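Working notes, structure below.
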Amino acid sequence: MRYEPVKKRLARFFGKSSLLRILFYKVLDLLLLRAWHIHREIKSWAIGKTDKHVHILDAGAGFGQHTYYLAKMSPKWSVLGIDVKTEHVCDCNRFFHHTEKRNVLFKTEDLKTFQQPDTFDLVLSVDVMEYIEEDCKVLKNMHASLKEDGMLLLTVPSDKGGSGVSKPGEKPFIEEHIRTGYSIEEMKRKLKKVGFKKIDIKYTYGRPGSRSWLLSLKYPMLMLGTSKYMYTVLPFYYLLIFPLCFLLNYLDVTRQHKTGTSILVKAWK
147 MRYEPVKKRL
157 ARFFGKSSLL
167 RILFYKVLDL
177 LLLRAWHIHR
187 EIKSWAIGKT
197 DKHVHILDAG
207 AGFGQHTYYL
217 AKMSPKWSVL
227 GIDVKTEHVC
237 DCNRFFHHTE
247 KRNVLFKTED
257 LKTFQQPDTF
267 DLVLSVDVME
277 YIEEDCKVLK
287 NMHASLKEDG
297 MLLLTVPSDK
307 GGSGVSKPGE
317 KPFIEEHIRT
327 GYSIEEMKRK
337 LKKVGFKKID
347 IKYTYGRPGS
357 RSWLLSLKYP
367 MLMLGTSKYM
377 YTVLPFYYLL
387 IFPLCFLLNY
397 LDVTRQHKTG
407 TSILVKAWK
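If you're matching positions, the sequence shown starts at 147 in the working numbering and goes up one per residue.
And the structure:
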């Protein structure tokens with residue numbers, strides 16, 4: 147299915163007011179396992195840094211969900227969110243202006259060309275690389291944009307069933323994905339090639355997380371793709387499945403996985 151039309155409808159609905167937008171972020175943070183893993187890693191990275199002036203890049207910011215989380219952690223942090231889609235950038239700038247988050251700015255930029263040498267203490271990129279053919283070029287720009295000892299925090303689908311692909315030749319669930327996933331070895335090789343000196347990669351979305359993904363993302367997206375009227379049904383669906391998804395997310399975050407449909411990358415310059 148095509149993800150962009152669904153994203154646009156969600157953005158229009160939840161962009162009607164700041165309260166709706168904040169509610170949207172909170173729901174995403176509770177339901178979507180990706181946010182659980184990202185928040186856990188950001189909290190670990192942030193130890194001893196919340197009272198310091200640090201610069202953070204949200205590379206491929208989209209709706210601004212993770213930018214909002216970062217901006218709330220410390221008013222001393224400066225967060226730049228970039229996205230190739232101008233409509234996302236304008237929408238996010240309006241929202242953050244209304245909520246008086248003065249430590250955030252969004253810009254329209256292409257990750258294949260964006261580079262600010264030795265600027266950022268942290269670069270965050272959540273499920274972006276699977277949309278970009280020239281991934282090594284993007285990783286090189288991220289490496290250049292980090293300060294010495296700065297960290298890249300990155301998530302991508304794995305080649306163990308990422309993007310909803312279970313067998314060779316199968317198309318990804320989200321049609322806009324140009325690749326179905328990375329192996330840990332491939333990602334390590336590409337990170338080393340562009341200059342990262344320390345790399346830590348692990349599987350996420352193990353057995354519990356993969357089931358949570360089906361319930362909290364794949365099935366709802368398929369519902370929304372059939373009719374706009376499914377938006378009225380979705381809140382009741384989520385109320386029904388939320389306790390199970392919460393348990394599955396907790397199990398996925400607190401366990402180590404020998405394999406999984408996603409990988410989480412931490413790499414230092």
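Each residue gets a CB set at the ideal place from its N, CA and C atoms; glycine is no exception.
As the structure is a prediction and not an experimental result, all values here were calculated from the model.
### Query
What separation, rounded to the nearest whole angstrom, lies between the Cα atoms of residue 382 and residue 376?
In this structure, the alpha-carbon of residue 382 lies about 10 Å from that of residue 376.
### Query
Thinking C-alpha only, which one of 161, 271, 342, 332 is nearest residue 241?
161
### Message
Report the CB separation of residue 301 from residue 272 in whole angstroms; it is logged as a contact under 8 Å.
### Response
5 Å
### Task
Out of 215, 163, 226, point me to the one whose CA is closest to residue 184's CA.
215
#### Entry: Spatially closest choice to residue 197 from 233, 220, 188, by CA coordinates
220
### Task
Report the partner residues of residue 251 according to the DSSP bridge assignment.
226
### Message
Given a cut-off of 8 Å on the beta-carbon distance, is the pair residue 413 and residue 344 in contact?
### Response
Residue 344 is positioned such that its CB atom lies closer than 8 Å to that of residue 413.
### Query
Hey, would you say residue 260 sits closer than 8 Å to residue 239, going by beta carbons?
Contact: no.
### Task
Using three-state DSSP, classify residue 343 as helix, strand or coil.
coil
### Message
For residue 348, list the residues DSSP reports as bridge partners.
### Response
410
### Query
How would you write the range of the beta strand (DSSP E) that residue 220 sits in, first residue to last?
That residue, residue 220, is in no beta strand (DSSP E); it is neither H nor E in DSSP.
### Task
Mark residue 228 as exposed unless 16 or more other C-beta atoms lie within 10 angstroms of its C-beta, in which case mark it buried.
Residue 228 is buried by the Cβ-count criterion.
### Supposed contact pair residue 407 and residue 306 - C-beta distance, whole angstroms, cut 8 Å
6 Å
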